[in-house]
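Some notes on the structure that comes next.
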Amino acid sequence: MMEKAQPIWQELPTHCKADVVSYLDFESRCLLRSCSKSDYDLVKSCPVYLGKVELFPPTRFALSEQSYQIDEFKQVMVFLQVFQHPKSYAREVSINFDRFYESGDIQQFFILLLDSMKTKTDFKIKSASLYINDHAKTVNGREFLELLQFFDSSKLKKINLSSQIAPEYFEMVSKTEQWKNATELKAFGYYNYNIPIESLLHFDRLNVQHINRLSTEKAWKFIENFLRRNPALGSCFQVQTMFALDIDGILENFSVFPNNEPTEHEYSTYYKHTQLFELPNPNHICVVKISEHGIYAAVCRITHLEPDFRWYLFGVRIE
């Protein structure tokens, strides 16, 4: 008795092929799409779901920890392929420029990337997180503004920048839907004392380093706004300054009597004042600590003040 012939790939129904493609990693999909026109169309019709998409101009590209040595032109081409399907999604998009990469070359890469995305109709990057590591501070202005606007504002929740946003572009960046809908910001670099802090007050998790000088009024505004929003457990912010804070002046603005209640078990002189603010949820406390050059706040469990404070702000676990 002859065995029944097994179906070959070309004979499989399209929905079965699509199911197979959904299990393939990105590299395998690229190999499949090169087999035939029908396979190319099939792969193109299937969304991609990735953990991380990382660009390391000029020579390296990584997808979910799998690294490839490819030039910047191919990096851009692959990047476009990843997000060509409107449902494709990556948990994080990361662009890392080497310290030895010349600023002119960095700018040229961004021009190539932006111009390539502009050629695609309705091209959107669906990702929860954007990280840009640009030590040369080359793309912190117009280039960053344009890149940010390519992100789907309903998906982007975290923005992480290694250098400050150029002052002349800060207002334009803060008016984008992407900025307004994000819930977490890490912004490093050097910000002038007149930075419009209102653009920073909506974030559930905020880390700004460094503002040149912070007035007592602005310092209290960070704290007051945070408390007024009735923040959820784990919400936090830290703002560090170049010049020393007027701690006595900040305490004078408190809406409650300033009462220093350190939460550290060990003796420490780093924090000059610790205030415990009650919240509507009786199980939560907002711990606010002020050092000579910074304000730190986190919503913690009333039974785990110091462990929660260190974990939410610094990612450090203690017993």
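Residues 199 to 517, numbered by the working numbering, are exactly what the sequence shown covers, in order. Backbone N, C-alpha and C fix where the C-beta goes; we use that ideal spot for every residue, glycine too.
(1) Three Cβ pairs or more, each shorter than 8 angstroms: is that satisfied between the segment 431-451 and the segment 486-500?
(2) What is the rounded straight-line gap between the Cα of residue 217 and the Cα of residue 351?
(3) Determine contact between the segment 390-407 and the segment 326-341, defined as no fewer than three beta-carbon pairs at a distance below 8 angstroms.
(4) Roughly how many whole angstroms lie between the Cα atoms of residue 264 and residue 232?
(5) Bridge partners of residue 405, per DSSP?
(6) Report the three-state DSSP secondary structure of residue 493 (helix, strand or coil).
(7) Note down the Cα distance separating residue 254 from residue 408, rounded to an integer number of angstroms.
(8) Check whether the segment 283-293 touches the segment 243-253, counting contact only when three or more Cβ pairs, one atom from each stretch, lie closer than 8 angstroms.
(9) Quick check on residue 330: does DSSP put it in helix, strand or coil?
(10) Could you check if residue 492 is buried or exposed, using at least 16 other CB atoms within 10 Å of its CB as the buried criterion?
(11) My parser needs the alpha helix (DSSP H) runs of 4 or more residues fully inside the segment 430-485; what are they?
(12) For residue 483, is the classification buried or exposed, using 16 other Cβ atoms within 10 angstroms of its Cβ as the cut-off for buried?
(13) Using CA atoms only, rank isn't needed, just tell me which of 222, 384, 422, 510 is closest to residue 473.
(14) When DSSP builds the beta bridges, which residues end up paired with residue 358?
On the basis of the supplied data:
(1) Taking 8 angstroms as the limit for Cβ pairs, the verdict is that the segment 486-500 does touch the segment 431-451.
(2) For the purposes of this step, residue 217 is identified with residue 19 of the sequence shown, where counting begins at 1. For the purposes of this step, residue 351 is identified with residue 153 of the sequence shown, where counting begins at 1. Those two C-alpha atoms are separated by around 29 angstroms.
(3) No: the two stretches stay apart, fewer than three of their Cβ pairs being nearer than 8 angstroms.
(4) To locate residue 264, count along the sequence shown from 1; it is residue 66. To locate residue 232, count along the sequence shown from 1; it is residue 34. Their backbone Cα atoms lie some 20 angstroms apart in a straight line.
(5) One-based indexing of the sequence shown puts residue 405 at position 207. Per DSSP, 384, 436.
(6) The sequence position of residue 493 within the sequence shown is 295, counting from 1. The three-state secondary structure of residue 493, taken from DSSP, is strand.
(7) Position 56 of the sequence shown holds residue 254. Position 210 of the sequence shown holds residue 408. About 26 angstroms.
(8) Yes: the two stretches touch, three or more of their Cβ pairs being nearer than 8 angstroms.
(9) In the sequence shown, the residue the question calls residue 330 occupies position 132. In this structure, residue 330 counts as strand in the three-state DSSP scheme.
(10) In the sequence shown, counting from the first residue as 1, residue 492 sits at position 294. Its Cβ being crowded by 16 or more others within 10 Å, residue 492 is buried.
(11) Fully enclosed alpha helix (DSSP H) runs of 4 or longer: 445-450.
(12) Here residue 483 is taken as the residue at index 285 of the sequence shown, counted from 1. Answer is buried; the Cβ neighbour count reaches 16.
(13) Start at 1 with the first residue of the sequence shown, and residue 473 comes out as number 275. With distances taken between Cα atoms, residue 473 lies closest to 422.
(14) Indexing the sequence shown from 1 puts residue 358 at position 160. Note: residue 358 sits in a beta bridge opposite 329, 384.
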